[in-house]
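Participant: Numbering (my numbering), first residue to last: 1 to 159. Just so it is clear, CB atoms sit at the ideal spot from N, CA and C, and this is done for glycine as well. Take this structure, written in structure tokens, and hold onto it; I'll ask about it next.
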């Protein structure tokens with residue numbers, strides 16, 4: 001089991017800015033794509049978000065490929081969003097990479113280039129300790145993860 005503890009900061013930091021960590025965003029790690037083009041970004045863990053979302057700046061910096069379109073339901077209503085193929089790595093935690101994930105693109109608060117939603121959080125155990133001002137992530141297996149194609153039964157994907 002791998003455990004990542006939040007950096008020690010002022011306890012009010014967690015309340016003000018939320019749980020955040022550094023990630024690396026790049027092209028899918030599967031197939032003949034330019035794998036050397038990554039960008040490091042600040043990500044906010046958002047338990048209210050169903051899907052992980054990237055900011056337009058992160059997508060442009062890496063040059064990700066558009067694969068679909070979707071509608072996001074968010075505070076203030078619905079918005080149309082383009083969907084991109086990406087990989088996510090978690091360099092400070094040692095957690096397994098997500099080799100391919102479909103991520104919508106949407107404007108985010110200026111402090112973050114990524115919201116980590118429940119699609120990624122479902123891999124981990126997330127603990128939020130408000131009184132102490134700390135949080136942690138635990139990863140049991142640490143295996144790379146590939147998002148199943150739309151309509152594919154996730155129980156048989158990768159078996």
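Please classify residue 160 as buried or exposed, where buried requires at least 16 other C-beta atoms within 10 Å of its C-beta.
Facilitator: Coverage of the chain is limited to positions 1 through 159, which leaves residue 160 absent and any answer about it impossible.
Participant: Might you give, ordered along the chain, the residues of its own chain that have their beta carbon closer than 8 Å to the beta carbon of residue 43, omitting 5 neighbours on each side?
Facilitator: Contacts found: 20, 21, 22, 23, 112, 113, 114, 115 and 116.
Participant: In or out: residue 160 buried (at least 16 other Cβ within 10 Å) or exposed?
Facilitator: The chain is shown only over 1 to 159; residue 160 falls outside these bounds and no answer can be derived.
Participant: Could you pull the start and end residues of the alpha helix (DSSP H) that residue 121 belongs to?
Facilitator: Annotation for residue 121: the continuous alpha helix (DSSP H) segment containing it runs 118 to 121.
Participant: Nearest to residue 65 by alpha carbon, out of 101, 40, 73 and 45?
Facilitator: 101
Participant: With a threshold of 16 other CB atoms inside 10 Å of the CB of residue 48, please say whether the residue is buried or exposed.
Facilitator: exposed
Participant: Let me make sure I understand the geometry here. Which of 105, 62, 29 and 8 has the alpha-carbon closest to that of residue 80?
Facilitator: 105
Participant: Spell out the partners DSSP gives residue 41 in its beta bridges.
Facilitator: Looking at the DSSP assignment, residue 41 forms a beta bridge with 23.
Participant: For residue 2, which residues from the same chain have a beta carbon less than 8 Å from its beta carbon, with the 5 sequence-adjacent residues on both sides left out?
Facilitator: 93, 94, 95, 138, 139 and 142
Participant: Closest to residue 60 by C-alpha separation, out of 97, 110 and 27, would be which residue?
Facilitator: 27
Participant: Tell me whether residue 89 is buried or exposed, calling it buried when 16 or more other Cβ atoms sit within 10 Å of its Cβ.
Facilitator: buried
Participant: Could you pull the DSSP bridge partners for residue 68 from this structure?
Facilitator: 83
Participant: Go ahead and pull the three-state DSSP assignment for residue 99.
Facilitator: strand
Participant: With which residues is residue 4 paired in a DSSP beta bridge?
Facilitator: 137
Participant: For residue 122, which option in 46, 63, 8 and 13 has the closest C-alpha, if you only look at C-alpha atoms?
Facilitator: 46
Participant: Anyone know if the C-beta pair for residue 136 and residue 17 falls short of 8 Å?
Facilitator: At the C-beta level, residue 136 and residue 17 stay beyond 8 Å of one another.
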